[in-house]
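Data first, discussion second: the structure below is written as structure tokens.
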Amino acid sequence: SKNDSSKKNAGYKAAEYVEDGMVLGLGTGSTTHYFIEKVGMRMAEEGIKVKGIPTSFQSLLLAKKWNIPITTLEENDIDLSVDGADEVDSDFNLIKGGGAAHTKEKIVDYAAKEFIVIVDESKVVGKLGTFPVPVEVIPDASRVVIQALEDMGAECEIRMAQRKDGPVITDNGNFVIDAKFSEIASPQHLEIDLNSIPGVVENGIFTQMVDRVIVGTSDGTKEL
Ligand code: DER
Numbered sequence: 005s006k007n008d009s010s011k012k013n014a015g016y017k018a019a020e021y022v023e024d025g026m027v028l029g030l031g032t033g034s035t036t037h038y039f040i041e042k043v044g045m046r047m048a049e050e051g052i053k054v055k056g057i058p059t060s061f062q063s064l065l066l067a068k069k070w071n072i073p074i075t076t077l078e079e080n081d082i083d084l085s086v087d088g089a090d091e092v093d094s095d096f097n098l099i100k101g102g103g104a105a106h107t108k109e110k111i112v113d114y115a116a117k118e119f120i121v122i123v124d125e126s127k128v129v130g131k132l133g134t135f136p137v138p139v140e141v142i143p144d145a146s147r148v149v150i151q152a153l154e155d156m157g158a159e160c161e162i163r164m165a166q167r168k169d170g171p172v173i174t175d176n177g178n179f180v181i182d183a184k185f186s187e188i189a190s191p192q193h194l195e196i197d198l199n200s201i202p203g204v205v206e207n208g209i210f211t212q213m214v215d216r217v218i219v220g221t222s223d224g225t226k227e228l
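The sequence shown begins at 5 in UniProt numbering and counts up one residue at a time.
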């Protein structure tokens, strides 16, 4: 579909920033799927040698599929991380976590020397917040975290799984609460405030770390 070709254009374009010898942060989602694919193709076709640090079981399995050697943040710094987003605003603030992977994504993306976001045009917004903010939470703390989020003005629901009965369980064994705020005046403050709630592991607001935003279109890409 048009949507897929724009995601593919963005993912392939980001792969052009990969240089031989790099350690890469491998993001999660359907757009980053194309980035990982293109890195694998460049390894096969050009013989470049890179290592990847996955941000989820999904990106781990994709890296294995494309024979990208895996390493860890314990062993290596990250030269370049490429990841998707659910929303990106004009200040390069993001909402991520649509794929329930934002905890490891934020660790990897924030540690990288360069962080590139790849999106299709539907993700570019004037103000963050149409998409609910994903909040990863220790399961036993769900009720009290929801109470705190509601006191902050959010409408909350525990994210339920599609192919499993009950809630989505993250790669870290936790629940995700989707918190819909009527407006997000300061993404920077909200990112900090959310992580101050006891029981919150990580939230999907990403601020002040994005170096480039590549927007895929049906016939190419543009940079914000
Ligand atoms: O979970 C995530 O943060 C993903 O990056 C997601 O938000 C973007 O996924 P998509 O590229 O499939 O839309």
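Cβ coordinates follow ideal geometry from the N, Cα and C atoms, glycine included.
Note that the coordinates shown come from a computational prediction; the quantities given were computed from them, not determined experimentally.
- Here S126 is exposed: its Cβ has fewer than 16 other Cβ atoms, across all protein chains shown, within 10 Å.
- For secondary structure counted as the alpha helix (DSSP H) over 4 or more consecutive residues, the region 125 to 160 holds these complete runs in sequence order: 146 to 155.
- Short note on T76: C-beta not closer than 7 Å to any heavy atom of the ligand DER.
- Residue range 191 to 199 is occupied by the alpha helix (DSSP H) that includes P191.
- In chain order, L84, I120 place their CB closer than 7 Å to the CB of Y21, counting only its own chain and leaving out the 5 sequence neighbours on each side.
- Excluding residues up to 5 positions away in sequence, V141, P143, S146, I162, P171 lie with their Cβ nearer than 6 Å to the Cβ of F179 in the same chain.
- With distances taken between CA atoms, E23 lies nearest to I52 out of I52, T134, S190, M156.
- Closer than 7 Å to some heavy atom of the ligand DER: that describes the Cβ of S34.
- Contact annotation, G31 with T76: C-beta distance approximately 16 Å; criterion of less than 8 Å not satisfied.
- Annotated as distal: A19 and I218, with beta-carbon spacing of 8 Å or more.
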